[in-house]
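Student: Residue numbers (the working numbering), protein chains in the order written: chain A, 8 to 320; chain B, 53 to 559. Right, I'll just put the structure down here and ask away after.
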Amino acid sequence: MEALDIFATASLWSAVLRIATPLIFGTLGALICERAGVLNLGIEGIMTLGAMVAWMTVYQGGNLWMGLLVAALCGGLFGLLHALLTVPLGLSQHVTGLGITLFASSLTYYVYRLSLPVTSSPPTIEPFQPLAIPGLSDIPFFGEAFFTQTAPTYLALFAVLLTAYLLARTPLGLAIRMTGENPHAVEAQGLNPVRIRIGAIVAGSALMALGGAFLTTATFNSFFPTMVQGRGWVCIALVVFASWRPGKALLGALLFALFDAYQLRLQHVIESAIPYQLFLMVPYVLSIVALVVMSRRAKVPQALMAPYRKGER
Amino acid sequence: MNRETVLELAHISKHFGKLIANDDISLTLGKGELLALLGENGAGKTTLMNVLFGHYTADGGQVSAFGEILPPGKPRAAIEAGIGMVHQHFTLAGNLTVLDNVMIGTERLGLLRSGRKQAAAKLRGLSERFGLQVEPYAFVADLSVGEKQRVEILKALYRDARILILDEPTAVLTQIEAEQLFQTLRGMTDTGLSVIFISHKLAEVMAASDRVVILRGGRTVAEKRTSDTNRAELAELMVGRRVVRPVRTDQAPGRNILSAGKVDIVEDGRKLLDGIDFTVRAGEILGIIGVSGNGQAALGQLTCGLRGADTGTLVYDGNQANGFSPRMLVTSGTGRIPEDRNTEGAIAEMAIWENAVLERIHEKRFSAYGFVNRARCRDYATELIDRFDIRGAAPDTRTGLLSGGNMQKMILGRNLAASPKLIIANQPTRGLDEGAIAAVHAELLAARKDGAAILLISEDLDEVLALSDTIQAIFKGRLSAPLSAEDADSRTVGLMMAGIWETSHAA
Numbered sequence: 008m009e010a011l012d013i014f015a016t017a018s019l020w021s022a023v024l025r026i027a028t029p030l031i032f033g034t035l036g037a038l039i040c041e042r043a044g045v046l047n048l049g050i051e052g053i054m055t056l057g058a059m060v061a062w063m064t065v066y067q068g069g070n071l072w073m074g075l076l077v078a079a080l081c082g083g084l085f086g087l088l089h090a091l092l093t094v095p096l097g098l099s100q101h102v103t104g105l106g107i108t109l110f111a112s113s114l115t116y117y118v119y120r121l122s123l124p125v126t127s128s129p130p131t132i133e134p135f136q137p138l139a140i141p142g143l144s145d146i147p148f149f150g151e152a153f154f155t156q157t158a159p160t161y162l163a164l165f166a167v168l169l170t171a172y173l174l175a176r177t178p179l180g181l182a183i184r185m186t187g188e189n190p191h192a193v194e195a196q197g198l199n200p201v202r203i204r205i206g207a208i209v210a211g212s213a214l215m216a217l218g219g220a221f222l223t224t225a226t227f228n229s230f231f232p233t234m235v236q237g238r239g240w241v242c243i244a245l246v247v248f249a250s251w252r253p254g255k256a257l258l259g260a261l262l263f264a265l266f267d268a269y270q271l272r273l274q275h276v277i278e279s280a281i282p283y284q285l286f287l288m289v290p291y292v293l294s295i296v297a298l299v300v301m302s303r304r305a306k307v308p309q310a311l312m313a314p315y316r317k318g319e320r
Numbered sequence: 053m054n055r056e057t058v059l060e061l062a063h064i065s066k067h068f069g070k071l072i073a074n075d076d077i078s079l080t081l082g083k084g085e086l087l088a089l090l091g092e093n094g095a096g097k098t099t100l101m102n103v104l105f106g107h108y109t110a111d112g113g114q115v116s117a118f119g120e121i122l123p124p125g126k127p128r129a130a131i132e133a134g135i136g137m138v139h140q141h142f143t144l145a146g147n148l149t150v151l152d153n154v155m156i157g158t159e160r161l162g163l164l165r166s167g168r169k170q171a172a173a174k175l176r177g178l179s180e181r182f183g184l185q186v187e188p189y190a191f192v193a194d195l196s197v198g199e200k201q202r203v204e205i206l207k208a209l210y211r212d213a214r215i216l217i218l219d220e221p222t223a224v225l226t227q228i229e230a231e232q233l234f235q236t237l238r239g240m241t242d243t244g245l246s247v248i249f250i251s252h253k254l255a256e257v258m259a260a261s262d263r264v265v266i267l268r269g270g271r272t273v274a275e276k277r278t279s280d281t282n283r284a285e286l287a288e289l290m291v292g293r294r295v296v297r298p299v300r301t302d303q304a305p306g307r308n309i310l311s312a313g314k315v316d317i318v319e320d321g322r323k324l325l326d327g328i329d330f331t332v333r334a335g336e337i338l339g340i341i342g343v344s345g346n347g348q349a350a351l352g353q354l355t356c357g358l359r360g361a362d363t364g365t366l367v368y369d370g371n372q373a374n375g376f377s378p379r380m381l382v383t384s385g386t387g388r389i390p391e392d393r394n395t396e397g398a399i400a401e402m403a404i405w406e407n408a409v410l411e412r413i414h415e416k417r418f419s420a421y422g423f424v425n426r427a428r429c430r431d432y433a434t435e436l437i438d439r440f441d442i443r444g445a446a447p448d449t450r451t452g453l454l455s456g457g458n459m460q461k462m463i464l465g466r467n468l469a470a471s472p473k474l475i476i477a478n479q480p481t482r483g484l485d486e487g488a489i490a491a492v493h494a495e496l497l498a499a500r501k502d503g504a505a506i507l508l509i510s511e512d513l514d515e516v517l518a519l520s521d522t523i524q525a526i527f528k529g530r531l532s533a534p535l536s537a538e539d540a541d542s543r544t545v546g547l548m549m550a551g552i553w554e555t556s557h558a559a
């Protein structure tokens with residue numbers, strides 16, 4: 008059974024973590040926004056923007072970390088735009104989010120095209136190289152599979168821990184969760200739910216942009232306009248799959264990445280007997296199945312998508 | 053009795069657009085005092101308390117607590133001054149734990165770790181000291197309404213509140229829970245806390261308060277020591293005129309309209325209704341009394357055609373079945389007043405005329421060939437507004453803008469206008485003020501006089517005793533044997549509500 012042998016290759020598992028990284032960043036970002044009660048459908052555009060901005064920063068001579076930082080800042084800026092429209096003005100979160108996605112994507116292509124001449128092959132940068140963790144990376148199989156990743160992947164895993172701790176164990180995390188459940192309760196206790204929401208959206212959007220930036224600074228070494236390929240929408244679904252919990256979000260991202268990495272390899276095993284598009288579909292179909300199974304007991308933040316206005320009930 | 057003043061409101065005024073909600077209101081609260089703020093819906097009670105707590109900024113006047121003037125519009129300042137508020141609509145998050153709900157806002161947001169252990173211990177200590185049992189790690193969504201209110205009170209106490217404000221605290225409680233609440237509040241004032249509670253219920257104001265301030269139309273109309281006044285005087289002060297609840301007169305009942313025989317309704321293996329029997333006759337009111345949650349919801353759904361009996365039968369005017377469809381009930385002349393007027397009785401977002409014709413839109417006069425005859429619908433709505441004295445309403449007014457009492461009059465009106473032969477009235481006066489209750493009672497009695505059979509489901513003992521010809525108590529899904537009005541007194545019926553009745557009919 009060649010199809011099953013794929014699971015025994017370290018390169019599969021190494022690819023899983025690599026493919027999961029942008030999803031982890033994006034899902035955490037969307038999760039933080041939604042925990043505070045705001046749906047951020049700007050994610051797809053913000054990821055595209057992050058991918059381009061990070062790449063461009065490095066291409067113009069900045070170092071890779073500088074690229075990530077600038078991407079996060081730009082993501083945060085678009086988050087702020089989404090926040091101002093949806094929180095103080097209380098506009099529809101769906102429409103605003105889709106608007107942000109269209110705006111951010113189009114602006115990204117425009118800036119990219121404006122700064123570089125059209126060429127047949129896009130210009131490249133020197134991306135993040137795998138970082139072998141001393142000691143751990145020497146373990147046979149596991150070392151290659153899990154401890155020889157690029158630095159941003161480790162950063163993503165750390166971000167999961169940090170987000171989980173922040174939400175569950177700190178007063179700020181409680182304030183964010185409470186704002187997503189009942190902003191009036193937050194206001195009644197003398198905190199400002201508007202500021203909490205804006206802050207959460209800005210932080211969440213910065214994380215989304217990092218997810219996009221990973222694509223150009225680690226997965227690939229160049230930028231092309233269609234590279235995000237719906238990953239943002241997958242993140243939105245993963246948040247539901249995860250029942251709005253960071254730990255489960257990591258699990259979901261890994262599961263999706265596993266389907267994706269597996270189908271890539273399965274294509275080579277089965278060759279041309281089945282059209283390859285069918286395999287491309289597999290992760291999405293399985294995600295829908297997983298979503299249906301997992302989200303039936305999900306605890307949706309009660310004030311998600313409900314605009315908050317002071318003095319109204 | 054000279055008490056030290058802990059809270060003073062001086063010349064508070066507040067308006068919303070043209071509406072003057074508070075007009076130069078002043079009041080003081082003494083240490084250890086239990087003060088009732090009495091007034092009808094819309095008298096300005098809640099607005100005043102929201103000004104006091106800083107949810108609203110007053111147009112004029114000032115609030116001072118313990119001698120210090122509070123900055124306006126800042127809930128945080130009110131909390132720090134030792135004021136705690138329990139809102140009528142709880143400000144709780146159901147998906148979070150009791151502890152989360154209590155701790156919100158009590159720690160600096162910059163802290164890297166919240167002190168949940170110490171907080172849980174403090175919460176347990178408080179709940180023991182004041183007899184407010186709750187489990188800190190339980191999820192709020194799993195709690196009963198009474199327990200949720202305890203969480204709200206604990207929230208205030210956790211912040212070291214010395215002054216507690218409760219907005220209509222008993223609106224959502226059963227009679228027994230309400231009595232427990234007032235006992236708890238009394239225990240608090242004994243230890244030096246001061247309490248203001250907002251209410252429009254005369255009975256509880258008389259029973260629980262030390263002093264009562266009466267608001268009407270945004271002004272203070274009187275202030276009385278509770279021991280120096282009586283219910284009738286308070287009612288008159290509150291409404292501004294003498295309110296007389298209508299009295300039932302004797303009349304002989306007619307034929308059987310609706311009866312149930314050995315009806316069970318089972319859900320998830322639990323019997324919501326357990327072998328119930330009842331009969332309502334024309335020109336008769338059958339009162340089903342009971343503490344809410346004992347099967348009233350299922351009984352309401354059964355009689356309104358929303359679900360059928362699992363076993364047993366219903367007989368409606370000679371037709372026997374295990375249930376009837378809503379359409380059949382409406383076309384054969386049934387008026388239905390649902391338990392929750394906001395979610396089941398009316399569609400708040402739609403105009404009054406739309407709600408008025410909702411049940412009978414298929415009638416020729418309102419629609420033909422798939423087109424709605426708006427002119428006739430509006431005329432009909434105008435007729436209802438005039439005949440049933442629905443205030444603040446025009447046919448095109450959004451129904452949600454009506455006060456609770458006027459919305460209930462609209463629902464009553466659209467049912468009674470068709471002279472129904474059967475009326476199902478489920479908690480028809482819940483949450484209404486004195487004036488509106490009297491109006492609803494008068495309408496129900498008028499329908500009875502016209503020969504309607506009325507099934508009244510209520511948890512208000514006074515209401516059931518005043519209106520019913522026959523009374524049955526509901527307890528854990530079972531109905532007591534009928535008791536005729538002459539034999540009913542509040543003691544007997546009170547016992548029946550607790551499930552204590554002679555089991556003459558085996559269940």
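C-beta atoms are modelled at their ideal positions from N, C-alpha and C, and glycine is treated no differently.
If I measure Cβ to Cβ from leucine 24 of chain A and keep anything under 6 Å in the same chain, skipping five residues before and after, which residues do I get?
Tutor: Gln156, Thr160.
Student: Using beta-carbon positions only, say whether alanine 207 of chain A and isoleucine 183 of chain A come within less than 7 Å of one another.
Tutor: Yes; because the gap between Cβ atoms is below 7 Å, this pair is in contact.
Student: Compute the Euclidean distance between the alpha carbons of glycine 82 of chain B and arginine 263 of chain B, then round it to the nearest angstrom.
Tutor: Their Cα atoms are separated by approximately 10 Å.
Student: Among the candidates A:Ala22, A:Trp20, A:Pro29, whose CA atom is the shortest distance from the CA of threonine 223 of chain A?
Tutor: Taking only the C-alpha atoms, the option nearest threonine 223 of chain A is A:Pro29.
Student: Suppose the cutoff is 6 Å on Cβ atoms and the five residues either side in sequence are ignored; what does the same chain contact list for valine 257 of chain B look like?
Tutor: So the list reads Ala88, Leu90, Ser251, Val264, once near-sequence residues are dropped.
Student: Would you say glutamine 196 of chain A reaches chain B, if we count a Cβ-Cβ gap shorter than 7 Å as a contact?
Tutor: By this cut-off, glutamine 196 of chain A is an interface position.
Student: Just to confirm the assignment, what range does the alpha helix (DSSP H) spanning aspartate 431 of chain B have?
Tutor: Counting along the chain, the alpha helix (DSSP H) containing aspartate 431 of chain B begins and ends at 426-439.
Student: Assuming the contact rule is C-beta atoms closer than 8 Å, alanine 171 of chain A and glycine 254 of chain A should be a hit. Round their C-beta distance to whole Å, please.
Tutor: The pair is a contact, with the Cβ atoms about 6 Å apart (cut-off 8 Å).
Student: Mind listing the chain A neighbours of methionine 101 of chain B? Cutoff is C-beta to C-beta under 9 Å, in chain order.
Tutor: Those within 9 Å of methionine 101 of chain B in chain A number zero; the least Cβ separation is about 12 Å.
Student: For the stretch 438-471 of chain B, which residues have a CB atom closer than 9 Å to at least one CB atom of chain A, in sequence order?
Tutor: Going along the stretch 438-471 of chain B in chain order, one finds no residue with a Cβ nearer than 9 Å to chain A.
Student: For proline 127 of chain B, collect the residues of the same chain with a Cβ closer than 7 Å to its Cβ; drop the 5 residues on either side in sequence, then sort them by chain order.
Tutor: Around proline 127 of chain B: Phe105, Gly106, His107.
Student: Between A:Met54, A:Glu9, A:Ser99, which has its C-alpha nearest glycine 218 of chain A's C-alpha?
Tutor: Nearest of A:Met54, A:Glu9, A:Ser99 to glycine 218 of chain A, Cα basis: A:Met54.
Student: Helix, strand or coil, according to DSSP, for asparagine 153 of chain B in the structure here?
Tutor: Three-state result, asparagine 153 of chain B: helix.
Student: In chain A, what lies closer than 9 Å to serine 116 of chain B by C-beta?
Tutor: Neighbours of serine 116 of chain B on chain A: none; closest Cβ ~19 Å, over 9 Å.
Student: Using beta-carbon positions only, say whether proline 123 of chain B and alanine 110 of chain B come within less than 7 Å of one another.
Tutor: No, these two residues do not count as a Cβ contact at 7 Å.
Student: Just checking: is the beta-carbon of asparagine 147 of chain B within a distance shorter than 7 Å of some beta-carbon in chain A?
Tutor: Cβ-Cβ to chain A under 7 Å: yes for asparagine 147 of chain B.
Student: Between the C-alpha atoms of leucine 273 of chain A and alanine 10 of chain A, what's the straight-line distance to the nearest angstrom?
Tutor: Distance between the alpha carbons of leucine 273 of chain A and alanine 10 of chain A: 6 Å.
Student: So, at 6 Å on beta carbons, what are the nonlocal neighbours of phenylalanine 309 of chain A in its own chain, with the 5 sequence-adjacent residues on each side left out?
Tutor: The amino acid at residue 309 of chain A is misidentified as phenylalanine; the sequence shows glutamine. Here the set comprises Glu188.
Student: Looking at the structure shown, is alanine 210 of chain A part of a helix, part of a strand, or coil, going by DSSP?
Tutor: Alanine 210 of chain A falls in the helix class under three-state DSSP.
Student: Under 7 Å Cβ to Cβ from glycine 306 of chain B, same chain only, skipping five residues before and after it: list those, please.
Tutor: Once the five neighbours on either side are set aside, the close Cβ partners of glycine 306 of chain B are Arg333, Ala334, Gly335, Gly503.
Student: Measure from the alpha carbon of glycine 84 of chain B to the alpha carbon of each residue in B:Thr241, B:Gln201, B:Asp302, B:Gly113, then state which is nearest.
Tutor: With distances taken between Cα atoms, glycine 84 of chain B lies closest to B:Thr241.
Student: Thinking C-beta only, is isoleucine 266 of chain B closer than 7 Å to alanine 255 of chain B?
Tutor: No.
Student: Starting from the N-terminal side, write out each stretch of the alpha helix (DSSP H) that is 4 residues or longer and does not extend beyond the stretch 436-521 of chain B.
Tutor: Segments of the alpha helix (DSSP H) lying fully in the stretch 436-521 of chain B: 456-468, 486-501, 513-519.
Student: Take the Cβ of valine 60 of chain A as the centre, count every other Cβ of all protein chains shown within 10 Å, and call the residue buried at 16 or more, exposed below.
Tutor: So valine 60 of chain A ends up on the buried side.
Student: Quick one: give me the first and last residue of the alpha helix (DSSP H) that asparagine 407 of chain B is part of.
Tutor: Here the alpha helix (DSSP H) through asparagine 407 of chain B covers 404-409.
Student: In chain order, which continuous runs of the beta strand (DSSP E) of length 3 or greater are located wholly inside the stretch 23-50 of chain A?
Tutor: The stretch 23-50 of chain A contains no whole beta strand (DSSP E) run of 3 or more residues.
Student: Since valine 193 of chain A meets chain B, which of its residues come closer than 8 Å, beta carbon to beta carbon?
Tutor: Ordered by position in chain B, the residues that pass the 8 Å Cβ test against valine 193 of chain A are Ile156, Gly157.
Student: With distances taken between CB atoms, is the gap from leucine 218 of chain B to phenylalanine 249 of chain B smaller than 7 Å?
Tutor: It is a contact, given that the beta carbons lie within the stated cut-off.
Student: Along the chain, where does the beta strand (DSSP E) that runs through valine 224 of chain B open and close?
Tutor: Valine 224 of chain B -> no beta strand (DSSP E), and no H or E assigned at all.
Student: What are the start and end residues of the beta strand (DSSP E) that includes valine 115 of chain B?
Tutor: Run containing valine 115 of chain B: 112-117, per the beta strand (DSSP E) assignment.
Student: With C-beta atoms as the reference, is aspartate 485 of chain B less than 7 Å away from asparagine 74 of chain B?
Tutor: It is not a contact, given that the beta carbons lie outside the stated cut-off.
Student: Going by the CB atoms, is the gap between serine 246 of chain B and valine 367 of chain B shorter than 7 Å?
Tutor: Not closer than 7 Å, so no.
Student: Just verifying my parser: in three-state terms, what is the DSSP assignment at isoleucine 53 of chain A?
Tutor: Helix, per DSSP.
Student: Go through its chain and collect everything with a Cβ distance to lysine 306 of chain A's Cβ below 8 Å, but skip five positions before and after it.
Tutor: Around lysine 306 of chain A: Ser250, Trp251.
Student: Kindly provide the ranges of any alpha helix (DSSP H) runs that are 4 or more residues long and lie completely inside the stretch 98-147 of chain A, ordered along the chain.
Tutor: Taking only runs of at least 4 residues, the alpha helix (DSSP H) segments lying wholly in the stretch 98-147 of chain A are 100-122.
Student: Just to confirm the assignment, what range does the beta strand (DSSP E) spanning glutamine 372 of chain B have?
Tutor: First-last of the beta strand (DSSP E) with glutamine 372 of chain B: 371-373.
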